[in-house]
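Worksheet for the structure shown next.
Residue numbers (full-length UniProt numbering): 1 to 267.
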């Protein structure tokens with residue numbers, strides 16, 4: 001209160017309000033749980049490991065044909081080193097269908113690690129060099145860029161036993177007459193029925209269909225042993241993409257007879 005001109009101001013000191021009782025909670029009401037405040041959110045669960053990540057699909061749209069023009073074609077394969085894929089030797093040829101090495105005579109694109117064309121991810125590169133096997137219908141091809149994060153197959157160093165079961169995987173056609181690669185990875189199981197100098201024979205386990213056995217454009221598809229569907233030992237590859245489903249055994253190219261040569265090319 002102002003007392004007079006030039007006088008002092010009378011004042012009252014304001015203190016903290018007196019503590020009172022806590023407000024009552026309405027029935028059924030709870031205070032919010034603040035125990036998690038300031039904590040980082042839980043990390044998401046890890047993504048499942050990919051299945052058969054070493055599988056490879058090879059496609060081309062500009063393969064020259066006699067008389068002029070081009071055609072499309074496809075093969076299958078497996079990653080044997082970060083920048084190398086094994087496939088059938090005849091997937092790279094001249095106008096007379098003779099196998100050729102060196103720089104490819106047409107564009108060949110390789111996709112590694114997918115189960116379906118529509119799947120995200122995978123690794124795509126072009127073939128820049130071809131090395132033809134001196135022993136069987138097999139080639140190793142160098143990619144334009146290495147494939148990271150995928151474990152290549154191990155190469156078998158000895159022939160399998162007759163009766164041993166192998167898995168097959170490939171991107172070949174679903175028809176002997178209507179050509180064109182599959183939009184998903186085909187898989188099957190076979191049993192070794194014979195061993196030749198550089199080839200194996202294998203019969204299907206169960207009924208053979210166009211979706212579980214080699215067909216046109218499955219050339220180079222791996223026959224392998226795997227305990228977890230993620231890592232594998234490569235035993236053989238498809239020699240030819242035969243009519244399908246065909247009677248009798250499949251003839252496939254042995255890996256053990258060229259394992260040392262493959263390591264020399266890719267090391």
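Idealized CB from N, CA, C, for every residue including glycine.
Under the Cβ criterion (8 Å, minimum of three pairs), the stretch 141-158 counts as touching the stretch 76-85. With contacts defined as CB atoms closer than 8 Å, residue 217 and residue 188 fail to qualify as a contacting pair. Residues 90 of the same chain have their beta carbon placed closer than 8 Å to that of residue 97, with the five preceding and five following residues left out of the count. In the DSSP assignment, residue 266 falls within the alpha helix (DSSP H) that extends over 259-266. No Cβ-Cβ contact shorter than 8 Å links residue 106 with residue 148. Counting every other CB atom within 10 Å of its CB across the protein chains shown gives residue 53 a total of 16 or more, marking it as buried. For the pair residue 102 and residue 130, the CB atoms are nearer than the 8 Å cut-off. By a beta-carbon distance limit of 8 Å, residue 75 contacts residue 219. Their separation comes to about 5 Å. Residue pairing from DSSP leaves residue 88 without any beta-bridge partner.
In this structure, residue 224 lies near residue 167, with their beta-carbon atoms less than 8 Å apart. Listed as beta-bridge partners of residue 168 by DSSP are 188, 223.
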